[in-house]
Every structure is written in C-alpha cells, then in structure tokens.
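Protein chains in written order, with my numbering: chain E, 1 to 305; chain W, 1001 to 1270. This report concerns only the one structure given below.
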Amino acid sequence: MRAWLLLLAAICLLPFVVRHAIASEIWIFAIFGLGLNLLLGYTGLLSFGQATFFGSAAYVAGYLLKYFGVGIFTALAAGIGIGAVSALLVGYLCVQRSGLYFIMLTFALNQLFYFIAYQWTSVTGGEDGMPGIPRPALFGIDLRDPLRYYILVSALFLVALWLMKRIVESPLGKILQAIRENELRAEAVGYHVPRFKLLAFVIGGAFSGAAGVLYAMLFGIVPLEAIGFVFSGNVVFATLIGGSGSLYGPIIGSFVFIWLSESMSVVWARWPLLLGVAFVIVVLFFRGGVVEAWSRIWRFSKRTT
Amino acid sequence: MLYALMGLGLSLITGVLNIPNFAHGALFAIGAYFLVSVVGILGNFWLGLLVAPIGVALLGLAIEWVGIRRLYSAGHDYQLLFTFGLALILNELIIVIWGPVGISHLPPALLRGGVDLGFTFYPKYRLFVMLMAGLLVVATWLFLEKTRYGAIMRAGIENKEMVSLLGIDIHKLFTVAFALGAYLAGIAGALTAPIRGLSPGMGVDMLGIAFVVVALGGLGNLLGAIAAGLLIGIAQAVVAAYWTEASTAVIFAVMAVVLLVRPQGLFGIR
Chain E
1 MRAWLLLLAA
11 ICLLPFVVRH
21 AIASEIWIFA
31 IFGLGLNLLL
41 GYTGLLSFGQ
51 ATFFGSAAYV
61 AGYLLKYFGV
71 GIFTALAAGI
81 GIGAVSALLV
91 GYLCVQRSGL
101 YFIMLTFALN
111 QLFYFIAYQW
121 TSVTGGEDGM
131 PGIPRPALFG
141 IDLRDPLRYY
151 ILVSALFLVA
161 LWLMKRIVES
171 PLGKILQAIR
181 ENELRAEAVG
191 YHVPRFKLLA
201 FVIGGAFSGA
211 AGVLYAMLFG
221 IVPLEAIGFV
231 FSGNVVFATL
241 IGGSGSLYGP
251 IIGSFVFIWL
261 SESMSVVWAR
271 WPLLLGVAFV
281 IVVLFFRGGV
291 VEAWSRIWRF
301 SKRTT
Chain W
1001 MLYALMGLGL
1011 SLITGVLNIP
1021 NFAHGALFAI
1031 GAYFLVSVVG
1041 ILGNFWLGLL
1051 VAPIGVALLG
1061 LAIEWVGIRR
1071 LYSAGHDYQL
1081 LFTFGLALIL
1091 NELIIVIWGP
1101 VGISHLPPAL
1111 LRGGVDLGFT
1121 FYPKYRLFVM
1131 LMAGLLVVAT
1141 WLFLEKTRYG
1151 AIMRAGIENK
1161 EMVSLLGIDI
1171 HKLFTVAFAL
1181 GAYLAGIAGA
1191 LTAPIRGLSP
1201 GMGVDMLGIA
1211 FVVVALGGLG
1221 NLLGAIAAGL
1231 LIGIAQAVVA
1241 AYWTEASTAV
1251 IFAVMAVVLL
1261 VRPQGLFGIR
C-alpha cells in the first residue's frame, strides 16, 4: 500500500519537476520495463530483444493511427496484439534454448525485425522513421495537450502495474518463479517449462507493445531506433539498475535511466559514450542495482563519520 | 569466409569464456579503423594488415584484464551489460576519433583491378581476402587441433573444472582465448575495410551476423562456426543477386528456418 501511495505522489509531482514529455516517457519506459522484468526477474530469462515487440507495435499502431485514423484504444489494442504475436513468434524459436544461446537468439531475431523495418521504407520510412502520428482525442478530450496526455499515460501505467502485480502473485507467477529457481525441478513437478516460458514471453511482449504505442503517440514519430537493439539494451540496463526480481525495480530503473540519458544528451551529442561508461561502472562496482548501491553508500558514510 | 572468421572468433570466446560478447562487432570495426590509421601513418597496406589486428588483440587483452576477468561469476545479465556498454563506448569513440561519416579505403595497388576467371570477372582484392581468410581459418584450426595449447583450449570448452584441476591456469587460458577471438575479429575488420568501406555502424551489423553464425554452428563448435559462416555468406550472395534489399534480412531468416527444423543448430549436439 505504501508503495502505491509513493507512486501516486511521484506521478503527481513529476510534471512539476521535469518536462511533461519526459515525465510521460518515464512511465512508458516503466511499462516496457515491467514487461521485461516478468522475463528477467521472475522467469530468469534474459531477453535482449524486447525492442522487437516495442518497435513492431509502435509501427503497426502508428500506421493505423496515421492512415486509418483509429482511436486510442483501437491503436493500443492493436499494439498489444502485435506485441504479443511477435513475442509468440520470437519466443517459439527461443524458449527451447537456454543461457547464452537464448540471449544471442533474442538479439539476432531483434536484428531481423530491425532490418525489415530499415529496408521496408515505403511503410516504415526506413532511417527517417515514421513521422506524423496523430494523438486522437479520447471521449472528446483533446490529448494534444502534453499534461493531459501525461495523465492518460500515468493512468495506463497504474493499470499495467496492477495487472503485473496480479500476474506475479497468481499461481502462474509462482510457477514462473519456480522455473527461475530450478528449471529441472519445475519440470519434475509436472509443469511444461517451455510452454510457461513462452507464456511469459507473450505477456512481456504485450506490455512492450502497449509501451510502444504510447511512445509513438507521445513523440508523434516512430524512430528506427525504437526497434533497434540499443533500445533492447537500455531496458535491460534500466531493469537491472532498478533491481530485477522486485515488482518496483524497473520503475526505479526507468526513473534513473530516463533522467540519466535526458541530462546527458543535453550535455554532449556523443552521450551514448557516457551511457556505456555508466553501464561499465554499474557492472563493475554496483552490481545489485540502486538499492544495493544505496546501502553501500550508507555503510560507507557511517564508517567515515 | 569473413563471416567464418568472425564466427570462429566469437565461438571461441563464447565457448571458452562462457560470456555473451556483445563487443565483438565493435572489435571488428576497430580493426578496420586501425588499418586505415596505420596505413595513413606508415603508408603501407601490408604493415597495416599486420599491425591493426595485433592492436585489436591487445585491446582485447586489456578488456579481459580490466573487466571481464571480474565478471566470470557474475551471471550473464551483468556480463551482457558490460560488453554492451563496452560496445557503446568503442562505437562512440570511433565517431569521436574518426568522424561519423563513412570512409572509403582503396586496396593496395598490387591488388586493384580484377582477374578474368573465364566464366566471370572477379576483383583481385576479393580473391585475396578469400585466400587470406581461408588461410587464417586453417591456421586457427591447426592451432586448435595440432598444438598442445590448442588442445587445452578445446578441453576448456568441454569442461573447465577438469582443466583447472589438471593444474592449468584457466584464467590465463581465458585471457588468451579472448585475445585470439579479438585478433580474428580485428583482422576480419581490417580485411573488410577496402571492400565495403568503413562506417561507425559496421560493427553492429557484423555483430548480428556473427551471432547467427555461432547459433547455427553450435556454441563452442568451431568447425560448425566455419561451415555456418560459409553457408550464410553464400546465402547472402545468392539473395543479393536477385533481391538486394533483402540480403541482410535473409541471414536472420535462414537462421529462423534452420532453428525451427533443428533447434540445436546445424552442427550442435546439445
């Protein structure tokens, strides 16, 4: 309960602290992270291809919004569907493998989708991205106003978080955690492990899809990067710094990551360099995420005083 | 053949060290850029071809020493994040040092022009690359099969605990394997430079292909990596002749189809 109150407070305060677009981006990225965390944190599957689902959904929903003028919920439904279906396809190929293979396959299939988007310029716009995506009104409320769109995004984020909480606390969530802890034992108890992994993949893909649609409507464009592997890496990074395996980890991670990248990109055009340095430093010195880093600093400051 | 080189190096690294090396593509790109710089300074292509990959191998050595060494017990997620961060750093450094615009680089005078093969006209330099890459693959193969250290390395892929129990310094083995993999990536990059030119994005493109080669060949299966590299190269060349736009996507499509039929890869046992 306290976590929810904290979140509500954060949602209300955020638009006063940062630009509305960035505030929206944080919650969208958090939805994206929630989807990955079901795989990474709860099932123990390190997927390095989440942008596949994010980007595919963004492109399809963007196309529908742009050329068919569909409403927000139709676009969202289409995006979630596309996210789930593409995750089903990718997952089907990947879940039979484990460890390094699994990571490499998710990445390689991500590249497949990336090159399709890159070459299919008549639909996706290739390197230039797909611009001019409208943000349709909802029940007569004009959402082109950034603050109103922010409210919609954060409401949808709360719905997504509630859903994810229900999922991880359900018997299904427990089975996935059993697979994470000991795959052989889960199999021995009678669960068909690949099928549950695939299910986790599809749910994760649906969340990624929802995030992709909101992202496309937020910026009015689907950039090619949205389906690129760097995006996949970013969400893994965000989830890990927040601390995977906890429901709220990716939310904290999303905060840190978006804030970090936004502030760095203002400073220097070559900010991915700094981002890479941040990755390396986190891995070498702060394994275990923000929570652990905090407790370390705490201990250190206690020792020095 | 170049794909086989990349796949061989990556397969060695993933097989021996058991880490996902997302910096492999960046090492490839660095190899190409090193070549251009060395040729620019020394004015000799052959020296460049000798020096550049060694530079990449040294870089690999440094990377293993400083970072990867500390991560063997850390789990794949952190290893991935580390090599991915490294790839970002190297990629951006390329842009900072050599600029964001692609560079074209001419092959040495000796290898310009083409050869009439009777049925087709083929650029000399491409023939040279095929020859070089073939020689390197064979040399690596001989090293792994016929030398004592090569045997230790193959044993390291099979069973690390056993190798270290036999009194062999496994960490030194890891370092050597990583440097060797980096060397192969570097020389592949150096050889590519006069064919396709250089661009900061070249590493990422190659990374995906290298992963496909390893996935198809079977993890740590070095002969499989060579065969898969050849297969992918041929598939791409054939498709490129008929439908240029799809030539990159087809690599991944081939992989998807193969994995549907044989989930363990073409030559994988596990």
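Heads up, the beta-carbon is just placed ideally off N, CA and C, and yes, glycines get one too.
When the Cα atoms are used, what is the spatial distance from VAL267 (chain E) to LEU274 (chain E)?
-> To locate residue 267 (chain E), count along the first sequence from 1; it is residue 267. To locate residue 274 (chain E), count along the first sequence from 1; it is residue 274. Between the C-alpha atoms of VAL267 (chain E) and LEU274 (chain E) there is a straight-line separation of about 10 Å.
With a threshold of 16 other CB atoms inside 10 Å of the CB of VAL1038 (chain W), please say whether the residue is buried or exposed.
-> In the second sequence, counting from the first residue as 1, residue 1038 (chain W) sits at position 38. Label assigned to VAL1038 (chain W): buried.
Within this structure, are the beta carbons of LEU974 (chain W) and PHE48 (chain E) separated by less than 8 Å?
-> The displayed coordinates of chain W run from 1001 to 1270. Any statement about residue 974 (chain W) would go beyond what the structure contains.
C-beta atoms of PHE53 (chain E) and GLY83 (chain E) nearer than 8 Å = For the purposes of this step, residue 53 (chain E) is taken as residue 53 along the first sequence, with counting starting at 1. For the purposes of this step, residue 83 (chain E) is taken as residue 83 along the first sequence, with counting starting at 1. Yes. Within cutoff.
Determine the contact status of ILE1030 (chain W) and GLY1229 (chain W), defining contact as a CB-CB distance below 8 Å.
-> For this step, residue 1030 (chain W) is matched to residue 30 along the second sequence. For this step, residue 1229 (chain W) is matched to residue 229 along the second sequence. Their beta carbons are not under 8 Å apart, which means ILE1030 (chain W) does not touch GLY1229 (chain W) by this criterion.
What is the DSSP secondary structure of LEU284 (chain E), counted as helix, strand or coil?
-> As a first step, residue 284 (chain E) must be located in the first sequence, where it is residue number 284. Looking at LEU284 (chain E) - three-state DSSP - the assignment turns out to be helix.
Quick one: grab the DSSP three-state call for VAL277 (chain E).
-> On the first sequence, position 277 is the one that residue 277 (chain E) refers to. Helix, per DSSP.
Any C-beta of chain E sitting closer than 8 Å to the C-beta of MET1255 (chain W)?
-> The residue given as residue 1255 (chain W) occupies position 255 in the second sequence. Yes, MET1255 (chain W) lies at the interface with chain E (some Cβ there is under 8 Å from its Cβ).
In angstroms with no decimal places, state the Cα-to-Cα distance between PHE29 (chain E) and GLY129 (chain E).
-> Locating residue 29 (chain E) in the first sequence gives position 29, counting from the first residue. Locating residue 129 (chain E) in the first sequence gives position 129, counting from the first residue. Roughly 19 Å separates the two Cα atoms.
Going along chain E in order, which residues have a C-beta closer than 8 Å to the C-beta of ARG1070 (chain W)?
-> For this step, residue 1070 (chain W) is matched to residue 70 along the second sequence. Neighbours of ARG1070 (chain W) on chain E, chain order: LEU284.
Output the distance between the C-alpha atoms of GLY1201 (chain W) and LEU1093 (chain W), rounded to the nearest integer angstrom.
-> Working through the second sequence from its first residue, we reach residue 1201 (chain W) at position 201. Working through the second sequence from its first residue, we reach residue 1093 (chain W) at position 93. A straight line joining the alpha-carbon of GLY1201 (chain W) with that of LEU1093 (chain W) spans about 12 Å.
Give the straight-line distance between the Cα atoms of LEU89 (chain E) and LEU1049 (chain W), rounded to the nearest whole angstrom.
-> Taking the first residue of the first sequence as position 1, residue 89 (chain E) is located at position 89. Taking the first residue of the second sequence as position 1, residue 1049 (chain W) is located at position 49. In this model, LEU89 (chain E) and LEU1049 (chain W) are separated by some 43 Å (Cα to Cα).
Is there at least one Cβ from chain W nearer than 8 Å to GLN111 (chain E)'s Cβ?
-> Here residue 111 (chain E) corresponds to residue number 111 of the first sequence, with the count starting at 1. It does: the Cβ of GLN111 (chain E) has a partner Cβ on chain W nearer than 8 Å.
Answer yes or no: do LEU1090 (chain W) and PHE1082 (chain W) have a C-beta to C-beta separation smaller than 8 Å?
-> Residue 1090 (chain W) sits at position 90 when you count from the first residue of the second sequence. Residue 1082 (chain W) sits at position 82 when you count from the first residue of the second sequence. Cβ atoms of LEU1090 (chain W) and PHE1082 (chain W): not closer than 8 Å.
Which residue from W:ALA1256, W:PHE1252 and W:GLY1218 puts its Cα closest to that of MET1206 (chain W)?
-> Against the second sequence, residue 1206 (chain W) aligns to sequence position 206. With distances taken between Cα atoms, MET1206 (chain W) lies closest to W:PHE1252.
Check the Cβ of PHE1252 (chain W) against every Cβ in chain E and list those closer than 8 Å, keeping chain order.
-> In the second sequence, residue 1252 (chain W) corresponds to position 252, counting from 1. Residues of chain E passing the Cβ test: ALA108, LEU109, GLN111, LEU112 and PHE115.
Closest by CA to PHE113 (chain E), which one among W:VAL1258, W:ARG1262, W:VAL1261 and W:VAL1250?
-> Locating residue 113 (chain E) in the first sequence gives position 113, counting from the first residue. Among W:VAL1258, W:ARG1262, W:VAL1261 and W:VAL1250, the Cα nearest to that of PHE113 (chain E) is on W:VAL1250.
Check whether the Cβ of ILE1280 (chain W) lies closer than 8 Å to any Cβ atom in chain E.
-> Because chain W here runs from 1001 to 1270, residue 1280 (chain W) falls outside it and cannot be looked at.
What's the gap between the Cα of LEU138 (chain E) and the Cα of MET217 (chain E)?
-> Taking the first residue of the first sequence as position 1, residue 138 (chain E) is located at position 138. Taking the first residue of the first sequence as position 1, residue 217 (chain E) is located at position 217. Roughly 13 Å separates the two Cα atoms.
Contacts of VAL280 (chain E) in chain W (Cβ-Cβ under 8 Å) | As a first step, residue 280 (chain E) must be located in the first sequence, where it is residue number 280. At a C-beta separation below 8 Å, VAL280 (chain E) has these neighbours in chain W: GLY1067, PHE1082, GLY1085, LEU1086 and ILE1089.
Burial state of PRO171 (chain E), where buried means 16 or more other Cβ atoms lie within 10 Å = Residue 171 (chain E) sits at position 171 when you count from the first residue of the first sequence. PRO171 (chain E) should be labelled exposed.
CA-CA distance, ALA200 (chain E) and GLY1156 (chain W)?
-> For the purposes of this step, residue 200 (chain E) is taken as the residue at position 200 of the first sequence. For the purposes of this step, residue 1156 (chain W) is taken as the residue at position 156 of the second sequence. Near 34 Å, if we compare the C-alpha coordinates of GLY1156 (chain W) and ALA200 (chain E).
In the DSSP assignment, find the unbroken alpha helix (DSSP H) run with GLU225 (chain E) in it and report its ends.
-> Within the first sequence, numbered from 1, the residue matching residue 225 (chain E) stands at position 225. Annotation: GLU225 (chain E) is outside any alpha helix (DSSP H) and is labelled neither H nor E by DSSP.
Would you check if there are 3 or more beta carbon pairs closer than 8 Å linking the segment 1054-1061 of chain W to the segment 1174-1190 of chain W?
-> In short, these stretches touch, since the Cβ pair count reaches three.
Just grab the DSSP bridge partners of LEU138 (chain E) for me.
-> Position 138 of the first sequence, counted from the start, is the residue given in the question as residue 138 (chain E). LEU138 (chain E) is bridged to E:ILE141.
May I ask which residues mark the beginning and end of the alpha helix (DSSP H) holding PHE1252 (chain W)?
-> On the second sequence, position 252 is the one that residue 1252 (chain W) refers to. Where PHE1252 (chain W) is concerned, the enclosing alpha helix (DSSP H) stretches over 1247-1261.
For the segment 1197-1217 of chain W, enumerate the residues whose C-beta is nearer than 7 Å to any C-beta of chain E, in chain order.
-> Look at the segment 1197-1217 of chain W: the residues with a C-beta under 7 Å from a C-beta of chain E are GLY1208, PHE1211, VAL1212, VAL1214 and ALA1215.
So what does DSSP say about MET1 (chain E), is it helix, strand or coil?
-> Your numbering for residue 1 (chain E) matches position 1 in the first sequence. Secondary structure of MET1 (chain E) (DSSP, three-state): coil.
Quick one: residues in its chain with C-beta nearer than 8 Å to the C-beta of VAL189 (chain E), no 5 flanking neighbours on either side, listed in chain order?
-> Counting from 1 along the first sequence, the entry for residue 189 (chain E) is found at position 189. Counting only Cβ-Cβ distances below 8 Å, and skipping sequence neighbours, we find ALA178.
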